[in-house]
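Sequence order for the protein chains is A and B.
The first sequence begins at 3 in our numbering and counts up one residue at a time.
The second sequence begins at 3 in our numbering and counts up one residue at a time.
Glycine included, C-beta positions come from ideal geometry on N, C-alpha and C.
Number of protein chains: 2
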Amino acid sequence: MQTVSLNRSYGGTQGVYKHASRETGTEMAFSVYVPPHPDGAKLPVVWYLSGLTCTHANVTEKGEFRSACAELGLIFVAPDTSPRGEGVPGDPANAYDFGLGAGFYVDATQAPFDRHYRMWSYVTAELPELVAAQFPVDPKRQSILGHSMGGHGALTAALRHPDRYRAASAFAPIVAPSRVPWGIKALGGYLGDDKQAWRRHDAVALIEDGARFRDLLVDYGDADPFLTEQLRPELLQAACDKAGLPLTLRRQAGYDHSYYFISTFMGDHLRWHATRLKA
Amino acid sequence: MQTVSLNRSYGGTQGVYKHASRETGTEMAFSVYVPPHPDGAKLPVVWYLSGLTCTHANVTEKGEFRSACAELGLIFVAPDTSPRGEGVPGDPANAYDFGLGAGFYVDATQAPFDRHYRMWSYVTAELPELVAAQFPVDPKRQSILGHSMGGHGALTAALRHPDRYRAASAFAPIVAPSRVPWGIKALGGYLGDDKQAWRRHDAVALIEDGARFRDLLVDYGDADPFLTEQLRPELLQAACDKAGLPLTLRRQAGYDHSYYFISTFMGDHLRWHATRLKA
Numbered sequence: 003m004q005t006v007s008l009n010r011s012y013g014g015t016q017g018v019y020k021h022a023s024r025e026t027g028t029e030m031a032f033s034v035y036v037p038p039h040p041d042g043a044k045l046p047v048v049w050y051l052s053g054l055t056c057t058h059a060n061v062t063e064k065g066e067f068r069s070a071c072a073e074l075g076l077i078f079v080a081p082d083t084s085p086r087g088e089g090v091p092g093d094p095a096n097a098y099d100f101g102l103g104a105g106f107y108v109d110a111t112q113a114p115f116d117r118h119y120r121m122w123s124y125v126t127a128e129l130p131e132l133v134a135a136q137f138p139v140d141p142k143r144q145s146i147l148g149h150s151m152g153g154h155g156a157l158t159a160a161l162r163h164p165d166r167y168r169a170a171s172a173f174a175p176i177v178a179p180s181r182v183p184w185g186i187k188a189l190g191g192y193l194g195d196d197k198q199a200w201r202r203h204d205a206v207a208l209i210e211d212g213a214r215f216r217d218l219l220v221d222y223g224d225a226d227p228f229l230t231e232q233l234r235p236e237l238l239q240a241a242c243d244k245a246g247l248p249l250t251l252r253r254q255a256g257y258d259h260s261y262y263f264i265s266t267f268m269g270d271h272l273r274w275h276a277t278r279l280k281a
Numbered sequence: 003m004q005t006v007s008l009n010r011s012y013g014g015t016q017g018v019y020k021h022a023s024r025e026t027g028t029e030m031a032f033s034v035y036v037p038p039h040p041d042g043a044k045l046p047v048v049w050y051l052s053g054l055t056c057t058h059a060n061v062t063e064k065g066e067f068r069s070a071c072a073e074l075g076l077i078f079v080a081p082d083t084s085p086r087g088e089g090v091p092g093d094p095a096n097a098y099d100f101g102l103g104a105g106f107y108v109d110a111t112q113a114p115f116d117r118h119y120r121m122w123s124y125v126t127a128e129l130p131e132l133v134a135a136q137f138p139v140d141p142k143r144q145s146i147l148g149h150s151m152g153g154h155g156a157l158t159a160a161l162r163h164p165d166r167y168r169a170a171s172a173f174a175p176i177v178a179p180s181r182v183p184w185g186i187k188a189l190g191g192y193l194g195d196d197k198q199a200w201r202r203h204d205a206v207a208l209i210e211d212g213a214r215f216r217d218l219l220v221d222y223g224d225a226d227p228f229l230t231e232q233l234r235p236e237l238l239q240a241a242c243d244k245a246g247l248p249l250t251l252r253r254q255a256g257y258d259h260s261y262y263f264i265s266t267f268m269g270d271h272l273r274w275h276a277t278r279l280k281a
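Take a look at the structure:
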């Protein structure tokens, strides 16, 4: 692991790091904020998965999470959203919603993407091991949140690993990728026609198939241009209602899909996580 | 005035706007955050002047000011740092510290800069008039802060207009541009050899020449790479001590010159401003 930058912030340290990933076969960058803490302490860790087109840098610069993390004593980790670099194939038409910046948190099975696009294993296994080895984290106290495509990643990770993550939440998540254009393109491209494989990367389908989580917090803005076609929070509401899974789903008036929305509610989400991480 | 973007944030509205400036003879962009407020209310306005290389966008995206502005009921305005566009001359060697992104908040007297580089009149006269006409501001309650070159701008504006600004503060300001490389280059380039003109754009010289302000807050980081050569806060301390001007000068351990530093202490500064704006 190589340190790219370190900056003091809110009494802690915002770092950016690079490492050679065995899963993606590429160099991967990520950011970690470590809040002020007593020597020797092991802290809870919050994973943040970003949306389409983002790298670790978007939330690191615009997410406004450090104030709450410093106050609550949370480590905050932001991975990249796809492999990158020479030899990594992207979208054939250079679209923003597939390939680079759009890994969708799956392990691709379809050539030519299967070699590098292993973001599921990267964010749920490889990077947690690295972070646990390099930072003062308590691996028994992890939680996960994300935005849009990263909200999809956070919800599916939580539903498939309910014992590992003590809390999960999302900003404007894609809740049913099997049924919306962004998701159909991505799951088809990375996983092919195997619809059972799609269901394991679809929060609503996972809940329909029996996956459960203690409770979920989801915020979305009613001025989000992707709301009705791509996000469809009502599908998550219906699945949770049917399954008896406690969902706090909040419609935020006037908010869009941007970091102006995310940063506004970041503190709320981190307090939700902290309550469960420290319970 | 043309609206470039509007985003709901912390219950208020973050806007970006453009207008044709009579002072600079160019199109100028700026951002304004309007916090949630009762209909018909007139709010205090805080001016933020940015540092070298910045536009309005840096603080708008990374400054983390909206949370405190929403809580305190403050409008926050961020102008650009120079004229830009076709026909605007820059640094002959394309350096970052003169010309584009480096207007130094003066009205240039030297050709070819005198035609467009009129940032002093722009930020202290033209833009305040426009903002007062277009936004729900109370022009009797204004304050000013800034970073680095913008800290220089904020301190000189406050010292020359102590009745207009009710509060002033700075992050890592250039306090004595007449005596440091960045300032000598900029003041020489824009104002020529007239050292009396330089003194009117030098906070320490203004205080030596009798300018006063009710009190000042200045933060700097002791890991700031520009501290000893360009910023020299000790010169401001000495001038304020001699003049009996109350200065709260805080050395922040481990902090550098970045927005990670600025955002950490932004809330403190805005609370300092709010106390004085509402007194």
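In terms of beta-carbon proximity, residue 266 of chain A lines the interface with chain B, with at least one pair separated by less than 9 Å. Counting along the chain, residue 252 of chain A sits inside the beta strand (DSSP E) bounded by residues 249-254. Residue 159 of chain B and residue 222 of chain A have their C-alpha atoms spaced approximately 42 Å apart. Apart from sequence neighbours up to five positions away, the residues of its chain that approach residue 81 of chain B with a beta-carbon distance below 6 Å are 32, 125, 129, ordered along the chain. Restricting attention to alpha helix (DSSP H) runs no shorter than 4 residues, the region 30-86 of chain B encloses them at 58-64, 68-74, ordered along the chain. At least 9 Å separates the CB of residue 96 of chain A from every CB of chain B. Residues of chain A whose Cβ lies closer than 9 Å to the Cβ of residue 166 of chain B do not exist; the shortest such Cβ separation is about 30 Å.
The C-beta distance from residue 7 of chain A to residue 17 of chain A rounds to 7 Å, short enough to meet the 8 Å contact threshold. The CB of residue 258 of chain B comes closer than 8 Å to the CB of 9, 10 in chain A, given here in chain order. Around the CB of residue 198 of chain A, fewer than 16 other CB atoms lie within 10 Å, so the residue is classed as exposed. Collapsing the DSSP output to three states places residue 246 of chain A in coil. Per DSSP, residue 145 of chain B is one residue of the beta strand (DSSP E) stretching across 139-149. Look at residue 44 of chain B: its C-beta is not under 9 Å from any C-beta on chain A. Residues of chain A with a Cβ closer than 7 Å to the Cβ of residue 262 of chain B are, in chain order, 9, 10, 11, 16. A Cβ-Cβ separation of about 25 Å leaves residue 238 of chain B out of contact with residue 110 of chain B under the 8 Å criterion.
For the region 46-77 of chain A, the set of positions with a beta-carbon nearer than 8 Å to some beta-carbon of chain B reads 63, 64, 66, 68, 69 in chain order.
Per the Cβ contact rule, the region 62-69 of chain A is in contact with the region 64-71 of chain B (3 or more Cβ pairs under 8 Å). Taking 9 Å as the threshold, the shortest C-beta distance from residue 223 of chain B to chain A falls below it. Within the model, the alpha-carbon separation for residue 78 of chain B versus residue 229 of chain A is close to 30 Å. Shortest Cα-Cα distance from residue 246 of chain B to any of B/269, B/226, B/213, B/235 involves B/213. At a cut-off of 9 Å between C-beta atoms, residue 152 of chain B does not count as an interface residue with respect to chain A.
Contact between residue 148 of chain A and residue 54 of chain A does not hold, since the beta-carbon distance rounds to 11 Å and is not under 8 Å. The Cβ atoms of residue 46 of chain A and residue 139 of chain A sit closer than 9 Å to each other. The beta carbon of residue 253 of chain A sits closer than 7 Å to those of 222, 224, all from its chain and outside the five residues before and after it, given in chain order. Note: residue 21 of chain B is bridge-paired with B/30 in the DSSP secondary-structure output. Under the DSSP assignment, residue 6 of chain A falls in the beta strand (DSSP E) whose first and last residues are 4-11. Scanning its chain for C-beta atoms nearer than 6 Å, with the 5 sequence neighbours on each side dropped, one finds around residue 91 of chain A the residues 114, in chain order.
Comparing alpha-carbon positions, the option among B/75, B/180, B/164 lying closest to residue 12 of chain B turns out to be B/75. Scanning B/131, B/201, B/249, B/150 for the CA closest to the CA of residue 21 of chain B turns up B/131.
Judged by DSSP in its simplified three-state form, residue 218 of chain B adopts strand. Burial is judged here by how many other beta carbons sit within 10 angstroms of a residue's own beta carbon; residue 268 of chain B has at least 16 and is buried.
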